[in-house]
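Quick notes on the structure that follows.
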Amino acid sequence: MKEKNLSTKTYGDTVYLIDTYAWVEYFIGSKRGEKVKKIIEDENNIILTPECCLAEIKGWALRENMDFEELYFILRKVSDIQCILTQDWLEAATIRSELRKTKKGFGMMDALIMAQQKRMGGKVVSGDQHFEHLKDVIFI
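Counting from 8, one number per residue, gives the positions in the sequence shown under this note's numbering.
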């Protein structure tokens, strides 16, 4: 994998926020993970990982007896970790409240990802059922 120099790019249409579900599929090399791999390995794309996904990925790695440090190294090499801002938390509360009207169990982590997507543009990449049929989501 070639390391990307994110500092020379500006955010635009080729921005992808990779959520925990998509990272897990990528790490296990599933068919869904192959779709994620194509997005990640396209040199024209800017790959971002919402900070909130790190805890979920580590939790998954611990449950599956996987080396989180190795996964974290790969993740940092091919993506830029996006810190959660106060405005993201506040927007997430609104998003969660609205989406829970039609999507039972839509969680705060999911809402944080959508808030970051709204602030930065681009698309969320996920296979999590909570993201299915949402605008600006590539559902794997």
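Heads up, the beta-carbon is just placed ideally off N, CA and C, and yes, glycines get one too.
Below 8 Å between beta carbons: does that hold for glutamine 136 and leucine 24?
Not in contact: glutamine 136 and leucine 24 (Cβ atoms no closer than 8 Å).
Methionine 8: buried (16+ other C-beta within 10 angstroms of its C-beta) or exposed?
With a pLDDT of only 45 at methionine 8, under 50, the local geometry of the prediction cannot be trusted, and the value read off the model is given with reservation. Exposed: under 16 other Cβ atoms inside 10 Å.
So, under 8 Å CB-CB, valine 43 and isoleucine 147 are touching, yes? Tell me the CB distance rounded to an integer number of Å.
Their Cβ separation, rounded to whole angstroms, is 6 Å, which keeps valine 43 and isoleucine 147 in contact under 8 Å.
Please determine, among Arg39, Phe34, Trp67 and Ile88, the residue with the shortest C-alpha to C-alpha distance to glycine 134.
Among Arg39, Phe34, Trp67 and Ile88, the Cα nearest to that of glycine 134 is on Arg39.
Can you say whether leucine 55 is buried or exposed, counting buried as having 16 or more other CB atoms within 10 angstroms of its CB?
The residue is buried, with at least 16 neighbouring Cβ atoms inside 10 Å.
For glutamate 139, which residues of its own chain have a beta-carbon under 7 Å away from its beta-carbon, when the five flanking residues on both sides are left out?
Around glutamate 139: Phe146.
On the DSSP letters alone, give me the boundaries of the alpha helix (DSSP H) that phenylalanine 146 sits inside.
Careful: phenylalanine 146 lies outside any alpha helix (DSSP H), inside the beta strand (DSSP E) at 144 to 146.
Spatial neighbours of tyrosine 18 within its chain, please: C-beta separation below 8 Å, excluding the five flanking residues on both sides.
With a pLDDT of 47 at tyrosine 18, under the threshold of 50, the predicted position of this residue should be treated as unreliable, though the coordinate-derived value follows. Correct list, in chain order: Ile53, Met127, Gly128 and Gly129.
Helix, strand or coil, according to DSSP, for lysine 44 in the structure here?
Residue state, collapsed to three classes: helix.
If I follow the unbroken beta strand (DSSP E) through glutamine 124, where does it start and stop?
That residue, glutamine 124, is in no beta strand (DSSP E); its alpha helix (DSSP H) goes 115 to 127.
Between the C-alpha atoms of glutamate 105 and arginine 70, what's the straight-line distance to the nearest angstrom?
Computed Cα separation, rounded: 32 Å.
Among Leu141, Ile120 and Glu50, which residue has its Cα nearest to the Cα of glutamate 63?
That would be Ile120, whose Cα lies nearest to the Cα of glutamate 63.
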